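J.: Here's a structure for you.
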Ligand code: GLN
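Residue numbers (the numbering used here): 59 to 253.
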């Protein structure tokens with residue numbers, strides 16, 4: 059699967075689960091490159107922000123000027139996909155506790171919202187516009203989307219909760235699509251690169 063102009067998908071690689079995203083992109087034949095510094099964003103056609111620890115990522119954002127560079131990428135209309143911690147960074151409002159964020163998608167998201175007992179689980183969810191089969195969803199110390207703005211589309215639900223949401227060029231998932239064999243979500247993100 060090619061990207062428009064064959065520009066690579068950037069995979070933010072400062073912390074967290076970036077290698078599995080790169081493997082998934084490799085598997086579906088999309089060019090990719092790791093992004094560690096703001097200058098690495100110059101040639102990319104879009105960006106994946108992986109799961110990990112959002113507080114740690116925020117420190118790098120401040121030190122490296124990466125936050126401003128990611129906002130610039132969004133302003134250029136380049137698609138950005140945040141998974142779990144990545145989704146937390148993209149949100150308009152973060153709870154438990156409140157923390158800095160990029161405000162690129164109009165959602166309120168609560169960190170570590172499934173509690174300690176079930177801090178990891180694999181569940182079946184539905185993304186009816188993307189797939190007619192259930193999508194396997196891996197949740198790891200996952201957040202819950204508590205509010206969805208009027209201009210945000212819910213593309214996926216699990217146990218009645220929104221888990222995959224989209225606003226324009228921005229896509230956010232509270233689960234880890236890179237940890238399963240299911241290519242649905244990454245293929246959908248690649249399609250966004252051609253708009
Ligand atoms: N609990 C993490 C955070 O708040 C997110 C966990 C994940 O990305 N799997 O940043």
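Built from N, CA and C at the ideal position, the CB exists for glycine as well.
Note that the structure is predicted; figures quoted are calculated from it, not measured.
Do residue 143 and residue 109 have their C-beta atoms within less than 8 angstroms of each other?
T.: The answer is yes: Cβ separation under 8 angstroms.
J.: What are the uninterrupted segments assigned as beta strand (DSSP E) that are 3 or more residues long and contained completely in the stretch 159-197, given in chain order?
T.: If we require 3 residues or more, the beta strand (DSSP E) runs fully inside the stretch 159-197 come out as 163-168 and 178-183.
J.: Return the bridge partner residues of residue 139 from the DSSP annotation.
T.: Partner(s): 106 and 229.
J.: Under 8 angstroms: do the stretch 68-82 and the stretch 106-122 share three or more Cβ pairs, one atom per stretch?
T.: Result yes; three or more Cβ-Cβ pairs closer than 8 angstroms.
J.: Give me the Cα-Cα distance between residue 94 and residue 88, rounded to the nearest whole angstrom.
T.: Rounded to the nearest angstrom, the two C-alpha atoms are 19 angstroms apart.
J.: Where do the N-terminal and C-terminal ends of the alpha helix (DSSP H) with residue 199 fall, by residue?
T.: First-last for residue 199: undefined, no H or E at that position.
J.: Assuming residue 195 contacts residue 212 (C-beta within less than 8 angstroms), just tell me the rounded distance between them.
T.: Rounded, the Cβ-Cβ distance is 14 angstroms, inconsistent with contact.
J.: Excluding sequence positions up to five away, which residues of its chain have a Cβ less than 8 angstroms from the Cβ of residue 172?
T.: Answer for residue 172: 179, 197, 199, 200 and 202, listed in chain order.
J.: Please confirm if the stretch 111-127 is in contact with the stretch 219-236, defined as three or more CB-CB distances below 8 angstroms between the two stretches.
T.: With a cut-off of 8 angstroms, the stretch 219-236 and the stretch 111-127 do not count as touching, because too few Cβ pairs lie within range.
J.: Tell me, which residues are paired with residue 222 by DSSP?
T.: For residue 222, which the question treats as bridged, DSSP gives the partners 214 and 231.
J.: Going by the C-beta, is residue 143 closer than 7 angstroms to any heavy atom of the ligand GLN?
T.: It does: the Cβ of residue 143 is within 7 angstroms (strictly closer) of some heavy atom of the ligand GLN.
J.: Alpha carbon to alpha carbon, how far is residue 90 from residue 145?
T.: Cα to Cα, residue 90 sits roughly 20 angstroms from residue 145.
J.: If you measure from the CB of residue 113, is any heavy atom of the ligand GLN nearer than 7 angstroms?
T.: Residue 113: yes, Cβ under 7 angstroms from the ligand GLN.
J.: Run through DSSP, which three-state label would residue 68 get?
T.: In the structure shown, residue 68 sits in a strand (DSSP, three-state: E or B).
J.: Give every residue of the same chain whose Cβ lies closer than 7 angstroms to the Cβ of residue 71, excluding the five residues on either side of it in the sequence, and list them in chain order.
T.: Correct list, in chain order: 92, 93 and 94.
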